[in-house]
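S.K.: One structure is given below, represented as structure tokens, and several questions about it will come after.
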């Protein structure tokens, strides 16, 4: 199944793709839907019986209010090499807030002076579908609701100003996700690729089987220190090709179009806006 969240009038609605359009569920967002024990059955009922989504609806980030947004740094082998780091024995986690998330067509908007080193990081995001605490890898694999596309847009000068990455990774409205959540039964990451383009130029392209810690392993490690709940997001890391890893380094500027694509899921297209 392909699940999405749309703006509809003054509210929002979770939808199910039925091939020739989408049908509405009775949930306001995909994360609200996932918090129901019978979410799969509810989605199937909506696909059969739900009202068609009006053409006036507009796509939003599919996950609107995750309790947690965890990210893994240094998880593609080639990216670890380009950044000159050693191969980690355990995942390197950091956190974002829900306020960082924007939709598949939204601007990534900053003010002049926020950063001079705005970088792209195309990533697969895992959507949690069940409570997990100190869970085995097998339990975590069974608890994956699905996957979506994300870009961990990073303010490198803020990130590198201290030994902690938080301020460079958690700027409001800088993390596009979407356009849909593809459920785990319909998507196997090892069969797909992640791509990032800037103004049409491919800057990142890699198979998802280059992940050092695959999705279920990441959830296993995360669940050892924090409870994961339905609707939480775990970003799995970016491949080689980031601007900071180039010689000379290269960063995003006002007006550039950032495209992030994962085969089998879809495409984000976000414009960089830096206001004076």
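Residue numbers (UniProt numbering): 1 to 276.
Note that CB positions come from ideal geometry on N, CA and C, so glycine has one too.
Just so we're clear, the structure is a prediction, and the values are computed from it rather than from any experiment.
Helix, strand or coil for residue 56 per DSSP?
M.R.: coil
S.K.: Is it a yes or a no for the region 156-176 touching the region 203-222, going by three-plus beta-carbon pairs under 8 Å?
M.R.: Below 8 Å, too few C-beta pairs join the region 156-176 and the region 203-222 to call them touching: fewer than three.
S.K.: Buried or exposed, going by whether 16 or more other CB atoms sit within 10 Å of the CB of residue 166?
M.R.: exposed
S.K.: Helix, strand or coil for residue 233 per DSSP?
M.R.: strand
S.K.: According to DSSP, simplified to helix, strand and coil, what is residue 207?
M.R.: Reduced to three states, the DSSP call for residue 207 is strand.
S.K.: Quick check: the Cα distance between residue 249 and residue 122, rounded to an integer number of angstroms?
M.R.: About 17 Å.
S.K.: Roughly how many angstroms separate the alpha carbons of residue 93 and residue 48, rounded to a whole number?
M.R.: 40 Å
S.K.: Tell me where the beta strand (DSSP E) around residue 79 begins and ends.
M.R.: Looking at the DSSP string, residue 79 is not in any beta strand (DSSP E); the run it does join, the alpha helix (DSSP H), is 77-82.
S.K.: Please tell me whether residue 36 has its Cβ less than 8 Å away from any Cβ of chain D.
M.R.: No chain D appears in this structure, which consists of one protein chain only.
S.K.: What separation, rounded to the nearest whole angstrom, lies between the Cα atoms of residue 196 and residue 235?
M.R.: Computed Cα separation, rounded: 15 Å.
S.K.: For residue 35 and residue 131, which I take to be in contact (beta-carbon distance under 8 Å), what is that distance rounded to the nearest angstrom?
M.R.: Not really, about 10 Å apart at Cβ, beyond 8 Å.
S.K.: The beta strand (DSSP E) that contains residue 11, what's its start and end?
M.R.: 11-17
S.K.: Kindly indicate which three-state DSSP category residue 135 falls into: helix, strand or coil?
M.R.: coil
S.K.: Note down the Cα distance separating residue 86 from residue 232, rounded to an integer number of angstroms.
M.R.: 29 Å
S.K.: Please classify residue 89: does DSSP put it in a helix, a strand, or coil?
M.R.: Three-state result, residue 89: coil.
S.K.: What residue from 118, 127, 178 and 182 has the CA that sits closest to residue 155's CA?
M.R.: 118
S.K.: Considering only C-alpha positions, which residue in the set 37, 180 and 138 is nearest to residue 125?
M.R.: Answer by Cα proximity: 180.
S.K.: Hey, how far is the Cα of residue 242 from the Cα of residue 147?
M.R.: 22 Å
S.K.: Excluding sequence positions up to five away, which residues of its chain have a Cβ less than 8 Å from the Cβ of residue 12?
M.R.: 5, 6, 28, 29, 60 and 64
S.K.: With a cut-off of 8 Å on the beta carbons, I'd call residue 108 and residue 174 a contact; round off their distance for me.
M.R.: 5 Å
S.K.: Can you tell me whether residue 124 is helix, strand or coil according to DSSP?
M.R.: strand
S.K.: List the endpoints of the continuous alpha helix (DSSP H) containing residue 215.
M.R.: In the DSSP assignment, residue 215 falls within the unbroken alpha helix (DSSP H) covering 215-223.
S.K.: Compare the Cα-Cα distances from residue 50 to each of 39, 25 and 31 and report the closest residue.
M.R.: Minimum Cα-Cα distance from residue 50 among the listed residues 39, 25 and 31 corresponds to 25.
S.K.: Could you give the C-beta distance for residue 144 and residue 54, rounded to a whole number, given that I count them as a contact under 8 Å?
M.R.: At roughly 31 Å, the Cβ-Cβ gap does not stay under 8 Å, so residue 144 and residue 54 are not in contact.
S.K.: Assuming residue 4 is part of the beta strand (DSSP E), what are its boundary residues?
M.R.: 2-8
S.K.: Using the C-alpha atoms, what's the distance from residue 263 back to residue 191?
M.R.: Straight-line Cα distance between these residues: approximately 9 Å.
S.K.: In terms of alpha-carbon separation, which member of 32, 84, 42 and 46 lies closest to residue 18?
M.R.: 46
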